[in-house]
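All remarks here apply to the structure that follows.
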Amino acid sequence: MPHRTFFWFIIPSLAAMILFIALPVISVLIQSLHVEHEQVLISAENCGPFGCKQVVIIDTAATAQIREDQPLGQFSGFDNYTNRSHLAFDEVSLAWSSSESISGFFEKLLNLPFYKALAFTLTYTFVVTPFVIVLGLAIALGVNALPKFAKGPTIFVSLLPMIVTPLIGSLILFWMIDGDGVIGASIQYLFNDPNLSLKASPSLTWMMLIVYGIWHSAPFSFIVFYAGLQSVPADTLEAATIDGANRWQRIRYVVVPYMKPLVVFIMLMQLMDNFRVLEPIVSFASEASATSLSWIIYKDLTQDTQLFGSAAATSMLTIVGVAILLFPVLIRTWRDFSRTAH
Amino acid sequence: MSTIKTIALTATAAAILTSSVAFAECGIEGNANVSILGNDFPALHAVFSAAEECAGSGVTVAKNHNKDFKNLMVPALSANPAEYTAVTVANGTLVTLMNSDLVRSLDDLVAKHGSSLNKSQLVTVNGKVMAVAFMANAQHLFYRSDILSQVGMSADEVQTYEQVLTAAKRIRDAGIMEYPVALNTKAGWNLGEEFVNMYLGTGADMFTPGTAKVSINNADGVATLNMLKDLVSYSHPDFLTFDSNATQAMWEGGKLALATMWGSRTVGVLDDEGSTEQVVMNTDFASAPSFNGGSTPASSLWWDGFVISKNVSDADAEASFIAMMNGISTEMVQANNDAATWLIEGYVPSKAASGVSATAMNGASPYPMLPFMGALHGAAGSELSDFLQGNESAEQALADMEAAYNVAAKEKGFL
Numbered sequence: 564m565p566h567r568t569f570f571w572f573i574i575p576s577l578a579a580m581i582l583f584i585a586l587p588v589i590s591v592l593i594q595s596l597h598v599e600h601e602q603v604l605i606s607a608e609n610c611g612p613f614g615c616k617q618v619v620i621i622d623t624a625a626t627a628q629i630r631e632d633q634p635l636g637q638f639s640g641f642d643n644y645t646n647r648s649h650l651a652f653d654e655v656s657l658a659w660s661s662s663e664s665i666s667g668f669f670e671k672l673l674n675l676p677f678y679k680a681l682a683f684t685l686t687y688t689f690v691v692t693p694f695v696i697v698l699g700l701a702i703a704l705g706v707n708a709l710p711k712f713a714k715g716p717t718i719f720v721s722l723l724p725m726i727v728t729p730l731i732g733s734l735i736l737f738w739m740i741d742g743d744g745v746i747g748a749s750i751q752y753l754f755n756d757p758n759l760s761l762k763a764s765p766s767l768t769w770m771m772l773i774v775y776g777i778w779h780s781a782p783f784s785f786i787v788f789y790a791g792l793q794s795v796p797a798d799t800l801e802a803a804t805i806d807g808a809n810r811w812q813r814i815r816y817v818v819v820p821y822m823k824p825l826v827v828f829i830m831l832m833q834l835m836d837n838f839r840v841l842e843p844i845v846s847f848a849s850e851a852s853a854t855s856l857s858w859i860i861y862k863d864l865t866q867d868t869q870l871f872g873s874a875a876a877t878s879m880l881t882i883v884g885v886a887i888l889l890f891p892v893l894i895r896t897w898r899d900f901s902r903t904a905h
Numbered sequence: 028m029s030t031i032k033t034i035a036l037t038a039t040a041a042a043i044l045t046s047s048v049a050f051a052e053c054g055i056e057g058n059a060n061v062s063i064l065g066n067d068f069p070a071l072h073a074v075f076s077a078a079e080e081c082a083g084s085g086v087t088v089a090k091n092h093n094k095d096f097k098n099l100m101v102p103a104l105s106a107n108p109a110e111y112t113a114v115t116v117a118n119g120t121l122v123t124l125m126n127s128d129l130v131r132s133l134d135d136l137v138a139k140h141g142s143s144l145n146k147s148q149l150v151t152v153n154g155k156v157m158a159v160a161f162m163a164n165a166q167h168l169f170y171r172s173d174i175l176s177q178v179g180m181s182a183d184e185v186q187t188y189e190q191v192l193t194a195a196k197r198i199r200d201a202g203i204m205e206y207p208v209a210l211n212t213k214a215g216w217n218l219g220e221e222f223v224n225m226y227l228g229t230g231a232d233m234f235t236p237g238t239a240k241v242s243i244n245n246a247d248g249v250a251t252l253n254m255l256k257d258l259v260s261y262s263h264p265d266f267l268t269f270d271s272n273a274t275q276a277m278w279e280g281g282k283l284a285l286a287t288m289w290g291s292r293t294v295g296v297l298d299d300e301g302s303t304e305q306v307v308m309n310t311d312f313a314s315a316p317s318f319n320g321g322s323t324p325a326s327s328l329w330w331d332g333f334v335i336s337k338n339v340s341d342a343d344a345e346a347s348f349i350a351m352m353n354g355i356s357t358e359m360v361q362a363n364n365d366a367a368t369w370l371i372e373g374y375v376p377s378k379a380a381s382g383v384s385a386t387a388m389n390g391a392s393p394y395p396m397l398p399f400m401g402a403l404h405g406a407a408g409s410e411l412s413d414f415l416q417g418n419e420s421a422e423q424a425l426a427d428m429e430a431a432y433n434v435a436a437k438e439k440g441f442l
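Protein chains in written order, with our numbering: chain U, 564 to 905; chain S, 28 to 442.
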């Protein structure tokens, strides 16, 4: 395709990408470099049903003037990135110099909100992603081997976890694992411990969130693999059978190599998706034990004191995180692509 | 034929009559649009429905009950004209609106249409009326009198949290309940509220007066945290997921003997749904306990009231005020007496309100109306859970809270 034609061909999507992706990201970046302008505080008497009290209030007239002069707020450079709520440079270096052991350092590090969230986000991403790929492939192989009449209903049922909205799906699971819920009560019965609770300890909460993540995402990888399996050439499989390959060997040496591009695709999607985990943390009320980067953004924007600069900084750091995660996979794909192209 | 005609005529006449009566009652003149935003709970439904009666001949009344009204209100009222002409708020939410200068001073409207209001209903800042309060709420003690008497204690013996701990220990030792105590300790806003309540019980200030400088990292802060930790040691290990719905369900399920819960939950606990007769019969309410040798109840008093938006026309503002006055009329209270602890003339206090009244009578402090209070509340809500789980010391938790507050307050331009 001549470059000119190619250019005209992609211009609509390019324009949409600039408008809906690039510009918002730039606006978030600018937001992240600012904090709100100074608030002028004055003392006032506040009376109500429960008596009078001396309080301070914001002098809105004076503050409005400042706001007009600096509509973006005060420029703060990278303060939003380096303060305690984010990368916490000062706190980390203090923790490093004051800790005698590595474990002591990590304990202090994980006491900082950003690193606490990052620890769970990364664990979640790196545990859920491989499980989803392996489990999805296993389900796809299983369904593919079913007799024809059973395939449709099985596929439908297997897709259900993905169809349920994450917020609702995790809320249902949250109720089921309650001490009075069906799963929670069964586990208490199994371990003969009436006080065992999946919500009480951080490690059990992490496990529960990860199990939920696998349950929710496995159908996606299943359906992609199932579609891929239909394109594996029957000739090759037959030839392998005649050569005496058993079912496991056929899967290992014929099917899996054919699935490789799909594995890369699913890995890319899952790394991105899992890095942005949010809904189960909200539904499981797991703030005390597990938080994620997206959850920090959500909290900054929904609490009584909305912190836009802070949320913007966390958003930028999330983008950087996704870029770092995807970099090795993209490099590899690019190399494979160049190799086949020449 | 003639009968049908008569019926039709009577119906029309009745319709005209009722609408003109409603018009006369509300007294809104000319055309106006009223739209009200507020939280979603039964007492507010009663108020909004009564306000809706003002609709008719040229006057429209729209309402929106939304649990997330806090997130909606600032953008909706910043628009000009504002999306809502009136909002029902509480102590904390009024500050958020005032920080952005979105509420109208009500002095002239109160003078013109507010003759039926008690003076104590007027929420003023520097003498200017900013909101009209109509109901009160506070967290206070719920107790099971049957279980207390089983362990040989009476209602007089749970007036301090130290006594509550003694009672809890006896209940546990007697094998009646392993986890008899609950507070709304869900990490986040709820846990932050428990910290604020307990800290107010020390009588100390949370900020250096006149500034946004926080002062909680002290002996009072340590006492507050230790009491919270002692209490949750008698709570089910899931306590960091307990919100009001969870604690109410546990109470109604008979799993609790002593709990600090919102006054607005008493009606739900006492009604004949979701619980057994034994629980309902033996549920009693008392003032929020004090602690640490202090005399102030460790709780904060909340009011709910309404404000009128700044960015609406004077005619709409006046119509909204009249409609809301109709919403909080004595007739509404008489029809919904037990739905809330009303601050309105004509309210007959019931058992459901006894806890809130006792807490107010014992001199509990109102929730602090400070522009930076939300930042401290949020910091407490997220930094306390490590301490309550036993992962860090009280001093460390307070230092974390202080640090988290400073970052947020700096970003908001307060420090």
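Beta carbons are placed, not taken as given, at the ideal position from N, Cα and C, and that holds for glycine.
Query	Result
What residues of chain U sit near residue 125 of chain S, judged by a beta carbon separation below 9 Å?	620, 621 and 623
If we cut at 9 Å on Cβ distances, does residue 945 of chain U have a partner in chain S?	What is shown of chain U runs 564 to 905, which leaves residue 945 of chain U out entirely.
Between residue 377 of chain S and the rest of its own chain, which residues show a CB-CB distance below 8 Å, the 5 nearest in sequence each way excluded?	364 and 365
Classify residue 584 of chain U as helix, strand or coil using the three-state DSSP reduction.	helix
Between S/432, S/369 and S/437, which has its C-alpha nearest residue 233 of chain S's C-alpha?	S/432
Under a Cβ-count criterion, where at least 16 other Cβ atoms within 10 Å of its own Cβ denotes burial, should residue 48 of chain S be classed as buried or exposed?	For residue 48 of chain S, the pLDDT reaches just 41, beneath the cut-off of 50, and the residue's location in the model is therefore unreliable, leaving the point undetermined.
Tell whether a beta-carbon distance below 9 Å holds between residue 268 of chain S and residue 762 of chain U.	yes
Using the rule of at least 16 other Cβ atoms within 10 Å of the residue's Cβ for burial, across every protein chain shown, is residue 315 of chain S buried or exposed?	buried
Go ahead and label residue 900 of chain U buried or exposed: buried means 16 or more other beta carbons lie within 10 angstroms of its beta carbon, across all protein chains shown.	exposed
For residue 631 of chain U, return the contacting residues in chain S, with the cut-off set at a CB-CB distance below 7 Å.	Here the premise fails: no neighbours, minimum Cβ distance about 13 Å.
In angstroms, rounded to a whole number, what distance separates the CA positions of residue 61 of chain S and residue 353 of chain S?	13 Å
Closest Cβ-Cβ distance between residue 774 of chain U and chain C: below 9 Å?	Of the chains in the structure shown, none is chain C; the protein chains are U and S.
Counting beta carbon pairs with one atom in the stretch 634-652 of chain U and one in the stretch 599-616 of chain U, are three or more of them shorter than 8 Å?	yes
Under the assumption that residue 414 of chain S contacts residue 439 of chain S (Cβ atoms under 8 Å), give the Cβ distance between them as a whole number of angstroms.	Contact doesn't hold; Cβ gap of about 25 Å is too wide.
Can you name the start and end residues of the beta strand (DSSP E) that residue 620 of chain U belongs to?	614-621
Look up residue 155 of chain S in the DSSP assignment and give the residues it is bridged to.	S/152
In the structure shown, what three-state DSSP assignment does residue 91 of chain S receive?	strand
Would you identify the three-state DSSP class for residue 779 of chain U, choosing helix, strand or coil?	helix
If we require 3 or more residues per run, which beta strand (DSSP E) segments fall completely within the stretch 192-254 of chain S?	208-210
Please report how far the alpha carbon of residue 843 of chain U lies from the alpha carbon of residue 685 of chain U, in whole angstroms.	15 Å
At the level of alpha carbons, what is the spacing between residue 159 of chain S and residue 283 of chain S?	36 Å
Go ahead and label residue 801 of chain U buried or exposed: buried means 16 or more other beta carbons lie within 10 angstroms of its beta carbon, across all protein chains shown.	exposed
Assuming residue 405 of chain S and residue 866 of chain U form a contact by the criterion Cβ under 8 Å, report the distance between their Cβ atoms to the nearest whole angstrom.	5 Å
Figure out for me which residue from U/863, U/648, U/831 and U/623 has the closest Cα to the Cα of residue 430 of chain S.	U/648
What does residue 707 of chain U touch in chain S if you count any residue whose Cβ is under 7 Å from its own?	Near residue 707 of chain U there are no residues of chain S at all, since even the closest Cβ is about 41 Å away, more than 7 Å.
The stretch 861-874 of chain U: which residues have C-beta closer than 7 Å to a C-beta of chain S, in chain order?	865, 866, 867, 868, 870, 872 and 873
What is the rounded straight-line gap between the Cα of residue 92 of chain S and the Cα of residue 122 of chain S?	20 Å
Does DSSP put residue 41 of chain S in a helix, a strand or coil?	Residue placement at residue 41 of chain S cannot be trusted, given a pLDDT of 44 that sits under 50; what the coordinates show is reported in the next sentence. Note: residue 41 of chain S maps to helix in three-state DSSP.
Please classify residue 608 of chain U: does DSSP put it in a helix, a strand, or coil?	strand
Leaving out five residues on either side along the sequence, give the residues of the same chain with a beta carbon under 8 Å from the beta carbon of residue 889 of chain U.	831, 834 and 835
Between the C-alpha atoms of residue 50 of chain S and residue 119 of chain S, what's the straight-line distance to the nearest angstrom?	Confidence in residue 50 of chain S is poor, its pLDDT being 43 and thus under 50, which makes the residue's placement too unreliable to answer from.
Which residues does DSSP pair with residue 170 of chain S in a beta bridge?	S/285 and S/311
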